[in-house]
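Numbering (this note's numbering), first residue to last: 3 to 106. To keep things clear, I will list the structure first and then write my remarks on it.
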């Protein structure tokens with residue numbers, strides 16, 4: 003990211019602080035990004051359960067990417083018991099939300 007011609011150093015802990023503030027204001031995209039950070043272990047200890055929790059919050063706010071990610075987590079059994087049926091339900095929800103233009 004550029005700031006007045008200078009590149010900013012990547013700072014996941016600062017990003018998390020801003021995402022948390024945005025999520026408190028109801029920003030579904032921020033909730034999804036927090037989930038991604040926990041899923042990938044960026045700036046936080048990797049925790050699939052917390053990743054799922056944040057993706058569920060984002061999906062409740064209509065984020066289709068979060069819905070897809072929940073489906074993927076069910077498909078491979080990350081943070082939840084593996085369940086192809088639930089995975090398909092979440093993939094279908096994500097596609098329906100995407101077609102309706104519901105993205106954060």
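In this text, a Cβ means the ideal position worked out from N, Cα and C, and glycines have one as well.
Buried/exposed call for residue i, threshold 16 Cβ in 10 Å
i	result
residue 86	exposed
Contact set for residue i: own chain, Cβ-Cβ below 6 Å, skip 5 residues either direction
i	result
residue 67	34
residue 77	89
residue 49	40
Chain D within 9 Å of residue i, Cβ atoms only
i	result
residue 51	Among the protein chains of the structure shown there is no chain D, as only one such chain exists.
Under 9 Å between C-beta atoms of residue i and residue j
i	j	result
residue 92	residue 79	no
Length of the line joining the Cα atoms of residue i and residue j
i	j	result
residue 94	residue 11	38 Å
residue 54	residue 46	14 Å
residue 97	residue 64	12 Å
residue 75	residue 9	34 Å
residue 83	residue 52	15 Å
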